[in-house]
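In what follows, a structure is listed as structure tokens, so that the remarks can point back to it.
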Amino acid sequence: MLFDGVHSAVTYFDKLSMTAGLSLTFAFLFLIFMLQNAFAKKCSHIELVEMRLYFFNHLFIYIL
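Numbered by our numbering, the letters in the sequence shown go through residues 1 to 64 in order.
Structure follows, in structure tokens:
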């Protein structure tokens, strides 16, 4: 009985942390695209591609 309560609490917090992680990931992606739109007129195309690769590389490392 006690094990079932502990298991359900752990499952709840696991789902909660996964939801928070996904929310942070999507917020980070939104911030990246907003920054890219802000700097699009000031940067060349090559600099934008480098910035995207840099951010997505760090995002991939963050997800792993």
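Don't be surprised by glycine CBs; every beta carbon is placed ideally from N, CA and C. None of these values were measured; they are calculated from a predicted model.
Spatial neighbours of residue i in its chain, beta-carbon cut-off 7 Å, leaving aside the 5 residues before and after
i	result
residue 22	none
residue 28	59
Residues near residue i by beta carbon distance below 8 Å, same chain, minus five either side
i	result
residue 52	32 and 36
residue 1	Because residue 1 sits at a pLDDT of 46, beneath the cut-off of 50, its placement in the model cannot be relied upon, and the point is left open.
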